[in-house]
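Working notes, structure below.
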Amino acid sequence: MAVIKKKCWPEFFEKFVSGERTLELRLADFNLESGDTIVMEEYDPEKKQYTGRQASFLCRKVERSAQNPLQFYNVEDVKKHGFWIVELENQTK
20 MAVIKKKCWP
30 EFFEKFVSGE
40 RTLELRLADF
50 NLESGDTIVM
60 EEYDPEKKQY
70 TGRQASFLCR
80 KVERSAQNPL
90 QFYNVEDVKK
100 HGFWIVELEN
110 QTK
């Protein structure tokens, strides 16, 4: 099982850590399988730096889709890679 580190903005990081959010949409430009661990590293986009906070999540279910909103990614990357839709379980308590 792989461990994958990913940048996470503060408002989403808080929702993951609290358990309010368990699904994640990511550009599918990396390998990912059920059973892998994603380490979310909190990143402040205004300061353009990591905060030092991180949390680990088990990828319980992974599905690939290319039919999702384009809010965070450019169209060319989405056409090339599609998205990951990941259900996460908090492993950091």
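The sequence shown runs 20 to 112 under this note's numbering. All C-beta atoms in this analysis are idealised placements derived from N, C-alpha and C, irrespective of residue type, glycine included. None of these values were measured; they are calculated from a predicted model.
Check	Outcome
What span of residues does the alpha helix (DSSP H) with E60 cover, start to end?	It is not in any alpha helix (DSSP H) - E60 instead sits in the beta strand (DSSP E) that spans T56 to D63.
In whole angstroms, give me the CA-to-CA distance for D96 and D48.	8 Å
For the beta strand (DSSP E) containing K24, list its first residue and its last residue.	V22 to C27
Tell me, which residues are paired with F76 by DSSP?	I57 and N109
Could you give the distance in angstroms between the alpha-carbon of R72 and the alpha-carbon of V22?	17 Å
So, under 8 Å CB-CB, T70 and E82 are touching, yes? Tell me the CB distance rounded to an integer number of Å.	Incorrect: roughly 30 Å between the Cβ atoms, too far for contact.
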